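Asks: Following this message is one structure expressed as structure tokens.
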Amino acid sequence: MKGGLVQLKVSYEDQRDGITVVRVDSDGQGGVLNFHSAPELRKVLVQLAEEGRLLMVVDLSGVDDINGDGLGVLVGGLKRVHFKGGTLSLVVTNERVRAVLSKSRLTRVFRIHDTVPGAVGKLLGDYADESIEQRRAAIEERARERLARETLGATTRVVVSDGFSYEHLTESISLVKVAVELDVHSAVSLRNVLVDLVKQGRFFLVVDLTAIDQIDSTGLGVLVGALKRVYVQAGALALVVTSDRVVKTFRTTGLTKVFSIFRTVHPAVEYLGREDLRAHA
Numbered sequence: 001m002k003g004g005l006v007q008l009k010v011s012y013e014d015q016r017d018g019i020t021v022v023r024v025d026s027d028g029q030g031g032v033l034n035f036h037s038a039p040e041l042r043k044v045l046v047q048l049a050e051e052g053r054l055l056m057v058v059d060l061s062g063v064d065d066i067n068g069d070g071l072g073v074l075v076g077g078l079k080r081v082h083f084k085g086g087t088l089s090l091v092v093t094n095e096r097v098r099a100v101l102s103k104s105r106l107t108r109v110f111r112i113h114d115t116v117p118g119a120v121g122k123l124l125g126d127y128a129d130e131s132i133e134q135r136r137a138a139i140e141e142r143a144r145e146r147l148a149r150e151t152l153g154a155t156t157r158v159v160v161s162d163g164f165s166y167e168h169l170t171e172s173i174s175l176v177k178v179a180v181e182l183d184v185h186s187a188v189s190l191r192n193v194l195v196d197l198v199k200q201g202r203f204f205l206v207v208d209l210t211a212i213d214q215i216d217s218t219g220l221g222v223l224v225g226a227l228k229r230v231y232v233q234a235g236a237l238a239l240v241v242t243s244d245r246v247v248k249t250f251r252t253t254g255l256t257k258v259f260s261i262f263r264t265v266h267p268a269v270e271y272l273g274r275e276d277l278r279a280h281a
């Protein structure tokens, strides 16, 4: 313990069949995965992904709390291995950490287990019939199909329904405009629009929330679900938010570290353009 703060230590060990367990341990009670400790975890996750270790279990049993910085590192790690055909699961035993993941709707993004053996066993079962190479090949094939569609030229159109509209800005990027407050009722319509776009092969989405001044947990859940869908397809999602109240909602739930949030549409589109190029590199 240094300066009254509980220190977190990150280590990893290779299991059988290409699975790597990353352990986040503390030197006492009260370990928090936050601004100070999250960079070390990020460094390890980046290193493992670059080395081709794409099946990971992150053991957070030694963590008693987590904030937006920690959540952002975990989501970044998942995105990184998904692009290459792998996956990342979590082991969480602390109820507070589980509550944070649940509140931020990341329980819909990550597979969460009670024990390391349980997490490893699940990965072994999932990848028994389909290898990382097969999954990576499937992702690359989807990318080739998308590029083939794009060579035919993009058709810009706007569809309006139930307070929502979408427009294809480029061959890859679509803009979804939200004109109604997101609550338990309207969020269903937004979900349908986003799911439909992903089914169309539109994996780079800008969701424009400038017209709204509030968003509840249902709306957040829909956006997290959309983020997960495009990540799996090697895509990306950006939000445009101008309301301080909405920004505060994202901040208090830790989702400012999960989503790329912009004040206007133009920089959001530029960001997705860079992500598209990186996905096809």
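In terms of UniProt numbering, the sequence shown is residues 1 to 281. Think of the CB as a built atom: it goes at the ideal place given N, C-alpha and C, for glycine as much as any other residue. None of these values were measured; they are calculated from a predicted model.
With DSSP collapsed to three states, give me the class of L8.
Replies: strand
Asks: Please state whether DSSP places T210 in a helix, a strand or coil.
Replies: coil
Asks: If you check the beta carbons only, do G85 and A38 fall under 9 Å apart?
Replies: no
Asks: Select from R229, T256, G235 the residue whose C-alpha is nearest the C-alpha of F110.
Replies: R229
Asks: Taking Cβ positions, are R80 and V58 nearer each other than 9 Å?
Replies: no
Asks: Under a three-way DSSP split, which group does T20 fall into?
Replies: strand
Asks: My assumption, with CB atoms under 8 Å, is that L106 sits in contact with V224. Please give the rounded CB distance.
Replies: Confirmed, Cβ separation roughly 7 Å.
Asks: If you run the structure through DSSP and keep just helix, strand and coil, what is Y271?
Replies: helix
Asks: Run through DSSP, which three-state label would T87 get?
Replies: strand
Asks: Would you tell me roughly how many angstroms separate the C-alpha atoms of residue 296 and V188, rounded to the nearest one?
Replies: Outside the displayed span of the chain (1 to 281) sits residue 296, for which this structure offers no information.
Asks: Going by other Cβ atoms of all chains shown within 10 Å of its Cβ, with 16 needed for buried, is L277 buried or exposed?
Replies: Taking a 10 Å sphere around the C-beta of L277, we find fewer than 16 other C-beta atoms and assign the residue as exposed.
Asks: Per DSSP, what kind of secondary structure is D183 in: helix, strand or coil?
Replies: coil
Asks: Using the C-alpha atoms, what's the distance from D14 back to R263?
Replies: Taking the straight line from one Cα to the other gives about 43 Å.
Asks: Since L239 is in the alpha helix (DSSP H), which residue starts that stretch and which ends it?
Replies: Membership of L239 in any alpha helix (DSSP H) is not indicated; the residue belongs instead to the beta strand (DSSP E) covering 236-240.
Asks: Measuring only the C-alpha atoms, how far is T151 from V265?
Replies: Bear in mind that the predicted position of T151 carries a pLDDT of just 41, short of 50, making it unreliable; the figure below should be weighed with that in mind. Roughly 25 Å separates the two Cα atoms.
Asks: Per DSSP, V178 is paired with what?
Replies: F164
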